[in-house]
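Sequential numbering from 3 applies to the sequence shown in our numbering. From the three backbone atoms N, C-alpha and C, an ideal C-beta is built for every residue, glycine too. Since the structure is predicted, the reported quantities are computational estimates derived from the model, not experimental observations. Contents: one structure, followed by commentary.
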Amino acid sequence: ALTLLEFPRHAYNATHDLSSHATFEYYAAHHFQFGKQVYQNVGPYGYVNYAYNYAGYLPVEKIVLKNLSRLGLFLLILWASGRLPHPGLKLGWWAGFFVFQPFGWPLAWPQGSGPMVFQQMDWDQVYGYLTIYLAALYLLQPRKGWSYWLTSGALLVLLAFTALTKNTGFVLAGAVIVAVCVQKLLSKDFAAALGTVLISALSLVALWVLAGQELVNLPGFVRGIFAFSSGYNEALMKSAPLQTTLIELLVVGLLFWRSVYNWLVLKQGIGRLMVEAALLFVAWKHGVVRGDLIHVSALFFAAGLLAVPFLWVTLSVQTEGQPARLPAPLWLVVAAGLALVPAALLSFPECRYEPRGLWERLRSNLAWVASPARQTAKMKGELRDVKALSALPGIKAKVRDSRVDYFGYEPGYVLLNDLNYWCRPMPITFAASNETLERANEAFYRTPQTAPEFVICVVGSVDGRAAPQDDALALRALLDNYHPVLVEQRQVLLQKNPPPWMDHAEKTLLAERTVRWGQRVSLAEWKDGLVWMEVDIQHSLAGKLVSFCFKPPPCYLDCRLLAGETKYSRSRFVSSMGTSGCLISPFIDDNTELLKLYQPAHDLSDCQRVESFGLGCDPADHRFFKDEIRIRLYSVALPTKRASLGQSPFAAAAARLEQVLQLQPDSVDALNELAWLCATCPEPKLRDAAKALRLAKHAANLTGRKDPGVLETLAAAYAEAGQFAEAIKTVEAATRLCDPASQQELLGTLRNCQQLFESRKPVRQ
């Protein structure tokens, strides 16, 4: 029970995951309306999934609700343990909770003599699966009596609560209710089926209202769950090593085989098969779509903990008086499959097994139980320190109490500066993964009543995606209705334009073409204007099947860019977002390029104009797509209100990094970023080879010359100083340190740098 408890372990910061988790708590504290104001991958109780993250808005409610749900899981584990046929199985199952806990990854590499910060796996998804499954097993029992009905009622409330925490929880809880009703109806227990539906519906409504939500928005919340899911597969997919995917398939296949065995041989009922099939499918998709360590480990650990009740917990006593046992040879096959889990996890270079992590968790939980006031004070102090490092005093002074949205994927900057956060429906740029969400975000910025006075903007992308696609319709609305007024750190503050307000997008058709994969489209005749592109890519029947069962095959956008000199860009193109369109030329992939559009002169010669582009896919994936691609090109207007900022974003970034280094002289991140800026900045007055070398060497020493990113910066500093032999030697050392499986993007950058150094050219970026 002490292991299952969850308490705050660190304050949130401005990084994507932690700051996004903090916004969930902010939404709840300020009664943001889900299904109307916010469409996220969580519900109005979603903040409880991240109790380890201290944000300070609803700390008591979050801790209490989280640990009440964990208490429900603990009682379900005890109930299921009582149905295991042998004490050794109980001990083995319980031991699994302790054995799996030490798996994790480095949250931050060691600096100097300091210890490595170790991040344990996020257990919320795994324990959520386990809670829903064990609750389903209890509800599916062929029992009657007051104790059964009372416990079942409590479990239906728990399932309703779980449904309002996360989208996957809603889908799986709904699957449980349907399965229970089907099983009860087949056994002609009509009263139980009707009671299950009524109690579930009433619990959902009551919890929805208690969360400060208006009942009229509940249908919109349900629709939003499926709106969020559409496009997620392709937009956020990431490939795992092949052997990992094969092991995932083997593990899930073995468990599904057991589900069929439970149904056909043990006569456990169709309801159990329905629940187990839904659970395995959701866990499989969650683990393979985004095949990084976090999601893959969630699938494997869930499978490991689910395997015991899948194999050994039966819903009724057999005629011999003993639960049916799995034949020994088949048990060995399943055990052998699950034994491959550590091998699959260790295929990720960043995976670590730290036994001390278990002790640290237990010690932290004991400290919270013994002295919650002291632990809360510690978290508040840590949060104050984080706020000091993330301060945006200039932006805060300009914004004051006005409403502010954050266009990017690190909304923690708004919260850490105590600004009046007023977010668009899908608040994270890369998660607006389909036209429905993009249209909702565009309408938010084009409606004067909902559009905030200010927007903090950081253009960029993740996972090698085409940056112009990320929330493209919302970005275009910002270009039409906002202008930059301030740059601080790397954040650009945009402010509403004075009237007239552009409440709709204007565009003029330039051309409409049908092309094939790999065929290039020239934009040379429209190089002096803004070109908007809409793409209609259709999957074949095989492609649709693969997308549903696994994940869509990737597409790529290849651009020939003109920005002073010719260069090429290759990024992943999300076909599900193609029809909504994006600004293809100029190619806006960071704030520097964004600000160029607001220059007083209308000359776009210094922007990254696209001379030509093509869409491609891997040759083996051609069968998953239809041959023809429909492309429409439009002309769109430049921003209506131009601006000339007094300080360049590079100068602002340098000033802020100097401030950070005054507080933390050994901050590797700050040393590395400032050294890179001094070595590669396109503004000559900010380049300083001697300073870049000094900072980069210090960062390299702090990391033991084992961080390839830091060595890349040191190589750039050597090149700026004219020491190209040292630059080549350093970039080769950085290349040797890279992992080919997980650092492809960095390897490509290092290769480009080496080509420059061999031509005796420095980096300019």
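**Prompt:** Where does Met428 fall in DSSP's three states?
**Reply:** Assigned with DSSP and collapsed to three states, Met428 falls in coil, not helix or strand.
**Message:** Rounded to whole angstroms, what is the Cα-Cα separation between Gln493 and Ile458?
**Reply:** If I take the Cα positions, the gap works out to 6 Å.
**Message:** Please give the ranges of any alpha helix (DSSP H) in the stretch 514-596, keeping only runs that are unbroken, at least 4 residues long and fully inside the region.
**Reply:** Fully enclosed alpha helix (DSSP H) runs of 4 or longer: 543-551.
**Prompt:** Taking C-alpha atoms, which residue in Glu236, Gly45, Ile65 and Cys557 lies nearest to Thr170?
**Reply:** Of the candidates Glu236, Gly45, Ile65 and Cys557, the one whose C-alpha sits nearest the C-alpha of Thr170 is Gly45.
**Prompt:** Is the beta carbon of Val315 less than 8 Å from the beta carbon of Leu139?
**Reply:** Yes, the pair counts as a contact, with Cβ atoms nearer than the cut-off.
**Request:** Identify the continuous beta strand (DSSP E) that holds Ser637 and give its terminal residues.
**Result:** Its beta strand (DSSP E) spans residues Glu630 to Val638.
**Prompt:** Could you check where the beta strand (DSSP E) with Val612 kicks off and where it finishes?
**Reply:** Arg611 to Cys619 is the extent of the beta strand (DSSP E) around Val612.
**Asked** For Ser577 versus Phe589, is the C-beta spacing smaller than 8 Å?
**Response** Not closer than 8 Å, so no.
**Message:** Taking 6 Å as the limit between beta carbons, can you name the residues of its chain near Ser435, skipping five residues before and five after?
**Reply:** Taken in chain order, the residues that qualify are Gly233, Tyr234 and Ala237.
**Rounded distance between the beta-carbons of Ser261 and Glu278, thought under 8 Å** = About 4 Å; that satisfies the 8 Å criterion.
**Message:** Which of the three DSSP states is assigned to Glu322 in this structure?
**Reply:** Confidence at Glu322 is low in this model, with a pLDDT of 41, below 50, so the placement of that residue should be treated as unreliable; the coordinate-derived value is given next. Correct three-state label for Glu322: coil.
**Message:** Using 8 Å as the threshold, is the C-beta distance between Ile179 and Val199 below it?
**Reply:** Contact flag set, yes.
**Item:** Helix, strand or coil at Lys168 according to DSSP, with G and I counted as helix
**Value:** Correct three-state label for Lys168: strand.
**Asked** For the beta strand (DSSP E) that contains Val489, what are its first and last residues?
**Response** Bounds of the beta strand (DSSP E) holding Val489 are Tyr484 to Glu490.
**Nonlocal neighbours in the same chain, by C-beta distance under 7 Å from Thr510, ignoring five residues either side** = Answer for Thr510: Tyr636 and Ser637, listed in chain order.
**Asked** Nearest to Gly1 by alpha carbon, out of Leu161, Pro686 and Leu525?
**Response** Limits of the chain in this structure are 3 at one end and 767 at the other, which puts residue 1 out of reach.
**Message:** Please list the terminal residues of the continuous beta strand (DSSP E) segment that includes Tyr408.
**Reply:** Residues Arg405 to Phe409.
**Item:** Spatially closest choice to Val461 from Gly226, Asn483, Phe409 and Arg467, by CA coordinates
**Value:** Of Gly226, Asn483, Phe409 and Arg467, the residue nearest in Cα terms is Phe409.
**Item:** CB contact flag (Tyr29, Ala57, <8 Å)
**Value:** Their beta carbons are not under 8 Å apart, which means Tyr29 does not touch Ala57 by this criterion.
**Message:** Short of 7 Å in beta carbon distance, which residues of its chain neighbour Leu60, apart from the five on each side in sequence? Order them along the chain.
**Reply:** Within the same chain, Glu27, Ala30, Ala31 and Tyr49 come within 7 Å of Leu60 by CB-CB distance, once the 5 residues on both sides are set aside.
**Request:** List the endpoints of the continuous beta strand (DSSP E) containing Leu495.
**Result:** Here the beta strand (DSSP E) through Leu495 covers Gln493 to Lys498.
**Request:** Using three-state DSSP, classify Leu512 as helix, strand or coil.
**Result:** Looking at Leu512 - three-state DSSP - the assignment turns out to be strand.
**Proximity test, Cβ basis, 8 Å: Val662 and chain C** = No chain C is part of this structure, which consists of one protein chain only.
**Prompt:** In terms of alpha-carbon separation, which member of Asn483, Thr737, Leu739 and Leu716 lies closest to Glu728?
**Reply:** Comparing Cα positions, the closest option is Leu716.
**Asked** In its own chain, which residues sit with a C-beta less than 6 Å from the C-beta of Leu275, not counting the 5 before and 5 after it?
**Response** Taken in chain order, the residues that qualify are Ser261 and Trp265.
**Asked** Could you give the C-beta distance for Glu412 and His12, rounded to a whole number, given that I count them as a contact under 8 Å?
**Response** At roughly 17 Å, the Cβ-Cβ gap does not stay under 8 Å, so Glu412 and His12 are not in contact.
**Top-ranked residue by Cα proximity to Leu188, from Ala513, Pro144, Met579 and Asp505** = The shortest C-alpha separation from Leu188 is found at Pro144.
**Prompt:** Does the Cβ-Cβ distance between Ala735 and Ala719 come in under 8 Å?
**Reply:** With respect to the 8 Å criterion, Ala735 and Ala719 are not classified as neighbours on the basis of their beta carbons.
**Given Arg766 as reference, the closest of Gly583, Asp690 and Leu663 once Cα atoms are compared** = Looking only at Gly583, Asp690 and Leu663, the smallest Cα-Cα distance to Arg766 is reached by Asp690.
**Euclidean distance between Cα positions of Leu157 and Trp95** = Going by the C-alpha atoms only, they are around 22 Å apart.
**Prompt:** Contact between the stretch 554-562 and the stretch 652-665: three or more CB pairs below 8 Å?
**Reply:** Between the stretch 554-562 and the stretch 652-665 there are fewer than three C-beta pairs closer than 8 Å, too few to call the two in contact.
**Prompt:** Does DSSP put Cys183 in a helix, in a strand, or in coil?
**Reply:** In the structure shown, the three-state DSSP call for Cys183 is helix.
**Item:** Cβ pair count under 8 Å reaching 3, the stretch 606-618 against the stretch 517-532
**Value:** Taking 8 Å as the limit for Cβ pairs, the verdict is that the stretch 517-532 does touch the stretch 606-618.
**Request:** Return the CA-CA distance between His541 and Pro429, expressed in angstroms with no decimal places.
**Result:** CA-CA distance, His541 to Pro429, rounds to 29 Å.
**Request:** Verify the contact flag: Val101, CB atom, against every heavy atom of the ligand SAM, threshold strictly below 7 Å.
**Result:** Absence of the ligand SAM is noted for the structure shown, with no ligands found whatsoever.
**Residues near Ile586 in its chain [Cβ-Cβ closer than 6 Å; skip 5 each side]** = Excluding residues up to 5 positions away in sequence, Val533, Met535 and Val612 lie with their Cβ nearer than 6 Å to the Cβ of Ile586 in the same chain.
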